[in-house]
Structures are given as structure tokens and as C-alpha cells.
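For reference, the structure discussed in these notes is given below.
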Amino acid sequence: MTLGVSSYSEGGGRRRRAEPGPYGPRHPLLNLLGRIEQSLAQAWPLLRLPLSLLAVAHLVLVALFPGGRNALLGYRAEQAPTYASLFQVPDTLGFYTTGGTDGFIVYKIYTQDGGVVDGVFPDTGVAPRLRYDRWATAGNAASGPYPALHAYVSRYVLHQLPSPPVRMELFAARWSWDRNSLTFPWPGKGPDTTLELRRLGNYNGLTRTWEPVSKEDKRQ
Amino acid sequence: MKPSQSLARRAYSAWLSFWFPTPAPYGQLALIRIGTALILLYALFVGSFDLEARVGQAIWSDPATRAALDPIGWPFSVFLWVQGTWWLWAMHVLAMLVAAALLAGVVTPLTAALSLFFQLSYAHYNPAMLLGLDGLLVLALTYLSLVPSGRVLGVFGRVESDAPLYPPYLAYLADELPRPPDAVLPWCALPVRVLQVHLSLLYLHSALSKLTTDWLAGSALWHPRLVALGALVPLETLQATPYLTSLITYGLVLFELFYGVLIWVRPLRYPLLVLALGVHLTVGIAWGLLPFNLLLIVLNLAFVPPAHLQSLVRFIRPLLVLPWVANDARD
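Those protein sequence lines, which keep their order, are chains G and D.
Just so we're aligned: the first sequence equals residues 1 to 220 in my numbering.
Just so we're aligned: the second sequence equals residues 221 to 551 in my numbering.
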């Protein structure tokens with residue numbers, strides 16, 4: 001039987017040189033794929049019902065936990081169903097919202113010549129926009145309660161500086177909206193926002209160490 | 221035959237015909253594949269600028285942080301299995317080559333599955349820098365890995381005019397196994413159908429998540445980040461006319477709320493697709509979110525009647541002037 005592997009002779013066991021097919025030389029991997037596909041095609045009538053049920057199960061999971069969140073209940077699963085969390089599409093379909101993309105990092109650098117430089121992470125000048133958006137997501141995550149990320153952002157910012165600073169202060173920043181009432185069809189109140197800052201820690205240029213903010217400082 | 225049996229049989233038949241409609245010609249799958257692969261390549265290329273900072277060993281391999289940001293049980297990643305900058309770049313270049321192979325239509329179930337593996341590797345290694353685009357790419361690649369989308373507009377076409385018109389990667393079996401009765405594989409319609417339902421759910425979820433105070437206040441165009449980065453639309457003019465901004469933001473919410481339902485009404489399909497095209501192009505260009513919105517446009521091709529897309533493929537193919545671009549077996 002030469003089922004898809006015609007590079008072997010049928011009787012003698014002596015290997016024969018592969019003959020080129022209409023698309024080039026035959027390849028065992030392609031033949032294997034072909035065999036799998038052929039078997040599936042033959043078993044197709046039996047597979048239809050289980051496959052459709054599998055598809056429904058898949059969509060139910062996607063519907064209930066898109067990216068590990070339940071938008072209907074506003075529920076964020078700590079241990080999301082592993083499979084559904086693969087589809088980490090945010091609920092917002094790419095639009096900016098105040099739900100989870102407006103956190104960022106503000107830093108204050110005390111330079112060796114006595115100057116003070118303020119900056120934000122990520123830098124709004126990062127281009128193209130896709131690249132900026134990635135860093136913005138990192139900035140949003142770093143503004144959360146993740147000490148390891150705070151330390152990483154401090155290192156990343158320091159790495160971008162031309163010379164090491166004497167001191168650097170890192171803050172988590174978040175825009176707070178003043179206009180959060182229904183305005184339509186009435187005129188809006190104005191697009192004013194205020195910036196909330198929360199200290200994350202300091203970089204000590206003398207000891208070259210990152211000092212996260214202590215619990216006592218947080219209480220203050 | 222008893223009426224109940226007849227009813228059950230009809231229900232079963234209707235169930236199957238919904239999930240397995242007439243198999244779509246490969247043209248629809250090919251266009252989705254090409255669009256997805258182009259955007260994937262762009263995302264990988266842009267990711268090259270910050271590769272070591274983004275997927276380096278500095279912090280992103282910290283298990284505690286990763287577990288907090290990415291609740292998946294087994295956060296597998298190829299970047300956890302290799303060490304050193306050389307291997308990091310080697311894997312990244314390999315990911316780009318695989319994406320290029322997917323674009324070219326080379327053994328697409330394999331190249332789509334490999335691209336999916338790389339996408340998940342980036343995502344799980346550094347969950348702090350995930351975008352909606354990544355999730356949408358995972359979605360698209362999942363379904364593309366289930367179908368042989370490279371059989372049209374793929375590089376492995378027939379080289380002789382009298383060669384059998386069998387789909388490319390099975391060409392090697394063409395002489396030795398009986399061909400299926402239909403040249404289009406029967407399961408090709410299922411992933412497209414699931415993709416349609418998935419997209420409907422996605423729009424619905426997106427709309428529901430927007431029923432919050434900031435969107436209902438009509439203030440989405442004043443998001444601080446949008447204001448800080450600037451947009452192509454004149455924001456000052458819009459801000460001076462609150463009625464207009466409110467209408468735009470409410471319009472977006474209403475569009476997303478009803479799109480996933482009304483798209484299934486056949487007479488409304490094309491008007492809604494045109495509306496979706498307009499919305500995504502406008503938001504993509506004006507707000508600078510082009511790759512994500514372009515990918516949504518590509519995925520919405522799943523709703524376009526396959527025969528119409530096949531006509532488009534017939535129009536595109538001569539323009540490519542590539543004699544080795546695969547022909548559709550149905551032509």
C-alpha cells in the first residue's frame with residue numbers, strides 16, 4: 001500500500017528516490033497533514049455534532065469570561081478560567097476609557113547640577129502609536145499595587161537618562177474626572193480633570209538603590 | 221414518522237445547518253488570513269524597537285508579578301525557555317518569519333498555530349504590556365489555525381497549467397487518495413461561523429462595558445490620554461459643541477450595542493458592514509488606533525457573503541501577476 005508515501009517501493013524494501021509531484025518534491029510532513037485531513041473528511045458525518053457542541057461551549061466561555069472578566073456583572077475573576085483568559089480582548093474594543101487605561105507614572109528627578117526635572121512614563125513622544133500604547137499599558141499596570149513593576153519602571157527611566165541622578169521620586173498618577181453626570185441632551189460642564197498622585201518610592205543615587213514607600217508613608 | 225421525531229429531526233438539521241452552512245470558498249478565508257498576517261507582521265516589527273525592554277529578563281520574568289497580572293494557570297512562553305539576548309532575537313525573528321509564511325499562505329494551519337503560539341508567548345511573558353490588538357490577534361489566529369486559508373492567494377500554487385486543481389498542501393496525495401466530493405473542506409464553514417458569533421459577543425461586551433458614567437456623560441472624546449497625545453480630529457471644535465460630542469459617543473455605544481444582533485438580519489448586513497467600516501476607519505485614523513480597527517475590519521469580512529468575496533479574489537488575483545499564486549479549486 002502506498003498511502004501517500006510513494007517514496008518507498010512496495011516489495012523490495014529498497015528506498016526509491018522521491019519523484020517530484022506537480023507542486024515539487026513530496027514531503028513526509030505534508031503527506032502526514034494530508035492523511036489527517038483525509039481521515040477527518042471521511043469521519044465528518046460523525047464529527048459534526050460533537051464539534052458543534054464544542055463550538056457552543058467555547059462561545060459560552062467567551063461570553064461569560066472575555067479575558068477573565070464578566071462585563072455584565074462587573075466581575076473580574078482572580079483566577080479566570082484558564083482557557084478564556086487567552087482571549088484577552090478588553091471590553092472596550094480599543095477605545096480609550098477611564099476604566100483601566102488612564103493610570104501612568106510621574107517622576108521627579110534631582111540632577112547632579114542641582115536641577116529638578118519632571119517627567120511622565122510613558123513619554124508621549126514615543127512613536128508609533130502602537131508602541132506608545134504598549135508602554136502606556138505598562139504604565140497603567142505599574143501604577144497599580146505591583147512593587148516589582150515600580151522597581152522596573154524606576155530602572156527603565158534611569159536607563160534613559162544621560163547621567164545618573166542624585167535622587168528620583170516615583171508617583172502613580174491617575175486622572176480623576178470632574179464631569180461624570182449625564183449631559184446629553186444638555187450642554188456639558190467642561191472637560192476638567194484633576195491629577196491624583198500617589199508616591200511609590202524613591203531612587204537613592206548615592207546608594208544606587210530603590211526604596212519603595214513604606215507602609216507608614218502610605219498612611220501619611 | 222411520528223411528529224415528535226420529525227420535529228427533533230428538523231431541529232437537529234437546523235442546528236447542523238446553522239453551524240455548518242455551505243462551505244465558504246477559500247477566498248474569504250484567504251482575505252482574512254492576509255489582513256491578519258499583515259497586521260501581525262506590523263505589530264511584530266514595531267515590537268522590535270523595544271524587544272529587550274519588553275521581553276527581557278529584567279523584571280518580566282518575575283513569577284509573582286506575572287501571576288498577579290496574568291491569572292492563567294500555566295503562563296507558558298517560549299521566552300521563559302530560552303536564555304540570552306541572542307536567543308531572544310532569534311525567537312523574535314522566527315516569529316516574524318512564521319508570520320510572513322502565514323501571509324504567503326504556506327501550510328497555513330501550521331503557520332497560524334505557530335503564530336498563535338508566539339503571540340501567547342509574548343502575552344504571557346509580559347502581561348503588563350498587552351493591548352486589545354494582541355487579544356484580537358489571538359482570536360483571529362485561533363480560527364485561522366483551523367482552516368487551510370492558504371489555498372487561495374498562497375504561494376504554493378500549481379506550476380503547470382494541466383496540474384490537478386487540488387489544494388496545495390495536499391497536492392502530494394492527489395494522485396494516490398480519492399479527492400473529497402467537494403473541493404472545499406466541509407469544516408471550513410464552522411470556524412467562520414464561530415468567528416461571527418464571537419465578534420457579535422465582542423461588540424456586545426464592548427457596548428455593555430461602556431454603560432459607565434464617563435461614556436454616558438458623552439465625554440469619551442475628552443479622555444486625558446487622547447487629549448495629551450492629540451488626535452487628527454479637531455478636539456477643540458468638538459469640545460465647543462457638547463451636543464455633537466455627546467451624539468458621537470452615544471452613537472458609538474448604540475452601534476456596538478446593536479451591531480452584534482442586527483448583523484444577523486440579512487437585509488441589514490451590508491448597511492451595517494458599511495457603517496462598521498466607517499466607524500472603525502474614523503476611530504482608527506482620528507484616534508490613532510489604526511492597527512486594532514483595521515483588524516476588526518478584516519475580521520468583519522466573516523460577515524460578507526463568501527461569493528462576493530470570491531469575486532473580489534478573482535479581481536485581485538490577476539493584479540498580483542504571480543503565476544504561482546494558488547488558484548481556487550472551484551474556479
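In this text, a Cβ means the ideal position worked out from N, Cα and C, and glycines have one as well.
A quick note: this is a predicted structure, and the numbers were derived from the prediction, not measured.
The alpha helix (DSSP H) enclosing G114 (chain G), as first and last residue numbers: Annotation for G114 (chain G): no alpha helix (DSSP H) segment contains it, and DSSP assigns it neither H nor E.
Under 8 angstroms, do A266 (chain D) and R131 (chain G) count as touching if we go by C-beta distance? Note that residue 266 (chain D) is Val in the sequence shown here, rather than Ala. Less than 8 angstroms separates the beta-carbon of V266 (chain D) from that of R131 (chain G).
Taking only beta-carbon atoms, is L59 (chain G) less than 8 angstroms away from chain D? Yes - at least one Cβ of chain D is within 8 angstroms of the one on L59 (chain G).
Would you list, in chain order, the members of the stretch 117-145 of chain G that have their beta-carbon closer than 8 angstroms to a beta-carbon of chain D? Listed in sequence order: T124, P128, R129, L130, R131, Y132, D133, R134, W135, A136, T137, A138, A141 and A142.
So, are the CB atoms of I252 (chain D) and L519 (chain D) less than 8 angstroms apart? Yes, the Cβ-Cβ distance between I252 (chain D) and L519 (chain D) is below 8 angstroms.
Could you check which residue in D:Y345, D:V326 and D:W307 has the C-alpha nearest to that of G370 (chain D)? The candidate whose alpha carbon is nearest that of G370 (chain D) is D:V326.
Whole-angstrom C-beta distance between V166 (chain G) and N112 (chain G), which should lie under 8 angstroms: According to the sequence shown, residue 112 (chain G) is Gln rather than Asn. Taking 8 angstroms as the upper bound for CB-CB distance, Q112 (chain G) and V166 (chain G) are in contact here, some 6 angstroms apart.
Could you check what DSSP says for F104 (chain G) in three-state terms: helix, strand or coil? Look at F104 (chain G) here: in three-state DSSP terms it is strand.
Reduced DSSP secondary structure (H/G/I, E/B, other) of P222 (chain G): Residue numbering for chain G in the displayed model covers 1 to 220; residue 222 (chain G) lies beyond these limits and cannot be assessed.
Are S341 (chain D) and F299 (chain D) close, meaning C-beta to C-beta below 8 angstroms? Result yes, Cβ atoms of S341 (chain D) and F299 (chain D) sit closer than 8 angstroms.
Quick check on the burial criterion: 16 or more other C-beta atoms within 10 angstroms. Buried or exposed for R486 (chain D)? Counting the other Cβ atoms within 10 Å of the Cβ of R486 (chain D) gives fewer than 16, which makes it exposed.
Limits of the alpha helix (DSSP H) - the one that M311 (chain D) falls within: That run of the alpha helix (DSSP H) goes T305 to A324.
Pick from D:W484, D:V524, D:H425 and D:L330 that is closest to M364 (chain D), judged by C-alpha positions: In the sequence as displayed, the identity of residue 364 (chain D) is Leu instead of Met. Of the candidates D:W484, D:V524, D:H425 and D:L330, the one whose C-alpha sits nearest the C-alpha of L364 (chain D) is D:L330.
If you reduce the DSSP assignment to three classes, tell me which class V62 (chain G) lands in. Looking at V62 (chain G) - three-state DSSP - the assignment turns out to be helix.
Inter-residue CB distance, Y156 (chain G) and A273 (chain D) (contact presumed, cutoff 8 angstroms): That belief holds up - the Cβ atoms of Y156 (chain G) and A273 (chain D) are roughly 7 angstroms apart, short of 8 angstroms.
Say whether the stretch 316-323 of chain D touches the stretch 249-264 of chain D, bearing in mind that this needs 3 or more beta-carbon pairs closer than 8 angstroms, one atom from each stretch. Per the Cβ contact rule, the stretch 316-323 of chain D is in contact with the stretch 249-264 of chain D (3 or more Cβ pairs under 8 angstroms).
What does A148 (chain G) reach in chain D if we use C-beta pairs closer than 8 angstroms? The answer, in chain order, is I279, D282, A284 and T285.
What does R274 (chain D) reach in chain G if we use C-beta pairs closer than 8 angstroms? Within 8 angstroms Cβ-Cβ: R134.
So what does DSSP say about V518 (chain D), is it helix, strand or coil? Of the three classes helix, strand and coil, the one that applies to V518 (chain D) here is helix, per DSSP.
Buried or exposed: which applies to I483 (chain D), given that a residue is buried once 16 or more other Cβ atoms fall within 10 Å of its Cβ? Burial call: buried.
Residues near S154 (chain G) in its chain [Cβ-Cβ closer than 6 angstroms; skip 5 each side]: Same-chain partners within the cutoff: L170, Y203 and W210.
Between Y345 (chain D) and V275 (chain D), which are expected to be in contact by the criterion C-beta below 8 angstroms, what is the C-beta distance as a whole number of angstroms? Contact flag correct, Cβ pair sits at about 5 angstroms.
DSSP three-state label for W175 (chain G), please. Residue state, collapsed to three classes: strand.
Check the Cβ-Cβ distances between L519 (chain D) and every residue of chain G, and say whether any is below 8 angstroms. For L519 (chain D), the answer is no, since every Cβ of chain G falls outside 8 angstroms of its Cβ.
Amino acids of chain D, ordered along the chain, whose beta-carbon sits closer than 9 angstroms to that of L51 (chain G): For L51 (chain G), the C-beta contacts it makes with chain D under 9 angstroms involve W239, F240, W407 and L410, in order along the chain.
Residue-chain proximity (L397 (chain D), chain G), Cβ-Cβ < 8 angstroms: Bear in mind that a pLDDT of 42 at L397 (chain D), under 50, signals an unreliable position, so the number given afterwards is only what the model happens to contain. At least one beta carbon of chain G lies nearer than 8 angstroms to the beta carbon of L397 (chain D).
In this structure, does DSSP put E396 (chain D) in helix, strand or coil? Low local confidence applies: a pLDDT of 43 at E396 (chain D) is under 50, so the model's placement there is unreliable, with the coordinate-based value given in what follows. DSSP places E396 (chain D) in coil when its eight states are reduced to three.
C-alpha gap between G352 (chain D) and A142 (chain G), whole angstroms: Near 18 angstroms, if we compare the C-alpha coordinates of A142 (chain G) and G352 (chain D).
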